[in-house]
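Here is the structure we will look at, set down as structure tokens.
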Amino acid sequence: MPIVDSAIYRKGVRESHHVTLDQTFEDLHEHGGFAWIGLYRPTEAELAAVAEEFELHHLAIHNATTGHQRPKLERFGDNTFVVLRPARYLEATEQVEFGEVHLFIGPNFAITVRHAKSPDLAQVRRRLEADPDLLALGPQAVLYAVLDEIVNGYNPVVDGMEDDIDEIEDELFSGDPDVARRIYELAREAMAFQRATHPLVRMFRSLEAGYDKFNVDIELRRDMRDVLDHVLRIVERADTFRALLENALTVHSTLVTQAQNEEMRQLSHASIEQGDQVKKISSWAAILFTPGLVAGIYGMNFTHMPELSWVLGYPMAMGLMLLSAGLLYLVFKRHNWL
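The C-terminal position of the sequence shown is numbered 720 in this note's numbering, with every residue numbered one higher than the one before it.
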């Protein structure tokens, strides 16, 4: 259902639960407190009803309806619109899955809009309801709790990506042809993770600038600063991943080039050896061809051949064969063909 939960909180305690938005609006007007409405992929009509009740800016509503937004924080008068990109690491496929959460924070309301199944904001609600002192700080406490949950969810992602990069470094010298594709996939995930986490630093700076205007409690400010410290560490590690993957891709390209050069060298060496063998075969063929030529001529059974009746014909033929073969052998030997 689009409406995951809708309740009114007064002094940090959940006072009522409503099935419809109209019931929530009516209770809020009659008894005060602040409303926390959780929506999952709401329809335009439901968002329009929320926007009309709490006077939300139309641009923020448009962003929440269409989704696929980058992390950002925008102020519209007393209202704050926040876009977050939670992530989780899938062990089965060794991939990073990104979600999208929108928050509308006002003086008397906190509205969360999810476009993916994760993170589980019901867990955030239970955590806050178990801490009435924190929840009594109002909608700003909801904003802090959601930010803290999403930032904490980045830690398993960082650990999973770090393990994948370690595996890539081990496989670089294995000669596996799929390494390049895996490096490319990890680089894409690292870039997407950077796009999800880098804007958070600027987002927290903007929140700090509005602490006095929105009367944010001092303890909540300290909690926000602690979340910012976690963000800075995560961003630093994400930047390291990008550099490591770029280096891995460079090393892999170098190794591929070296392997290709080695293959070319071996092919050249084989070609040279093959050429030497062809030279030897050709040389011996030429050496054997000349005696065969002489023998072939003398073997022709013609009646009128003067050499056939010559006493020295046979010795001369043998000598001619040996002389021609010997001369060719010396010539080929001198030119290193033999």
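All C-beta atoms in this analysis are idealised placements derived from N, C-alpha and C, irrespective of residue type, glycine included.
Query, Result
"Using three-state DSSP, classify residue 475 as helix, strand or coil.", "coil"
"Can you look up residue 718 in the DSSP assignment and give me helix, strand or coil?", "coil"
"Under a three-way DSSP split, which group does residue 494 fall into?", "strand"
"Label residue 433 either buried or exposed according to how many other C-beta atoms from any shown protein chain fall within 10 Å of its C-beta, with 16 as the threshold for buried.", "buried"
"Pull up the distance between the alpha-carbon of residue 561 and that of residue 589, whole angstroms please.", "42 Å"
"Looking at the unbroken beta strand (DSSP E) that takes in residue 466, where does it start and where does it end?", "461-466"
"Can you list, in chain order, the residues of its chain whose CB lies under 6 Å from that of residue 464, leaving out five sequence neighbours each side?", "455, 485"
"Suppose you measure from the CA of residue 598 to the CA of residue 553; what does that come to, to the nearest Å?", "50 Å"
"Mind checking which residues open and close the beta strand (DSSP E) that includes residue 485?", "483-488"
"Taking residue 564 as the reference, which of 541, 630, 518 has the closest Cα?", "630"
"My guess is that residue 467 and residue 453 are in contact by the Cβ rule of under 8 Å, so how many angstroms apart are they, rounded?", "5 Å"
"For residue 646, collect the residues of the same chain with a Cβ closer than 7 Å to its Cβ; drop the 5 residues on either side in sequence, then sort them by chain order.", "none"
"Hey, would you say residue 669 sits closer than 9 Å to residue 699, going by beta carbons?", "no"
"Do the stretch 485-494 and the stretch 416-436 touch if we need at least three Cβ pairs shorter than 8 Å?", "yes"
"Any heavy atom of the ligand NAD inside 8 Å of the beta-carbon of residue 499?", "In the structure on display, the ligand NAD does not appear, and there are no ligands present to speak of."
"On the DSSP letters alone, give me the boundaries of the alpha helix (DSSP H) that residue 569 sits inside.", "561-591"
"Counting pairs of Cβ atoms below 8 Å between the stretch 573-581 and the stretch 496-505, do you hit three or more?", "no"
"From the DSSP output, read off the bridge partner residues of residue 526.", "Beta-bridge pairing links residue 526 to no other residue."
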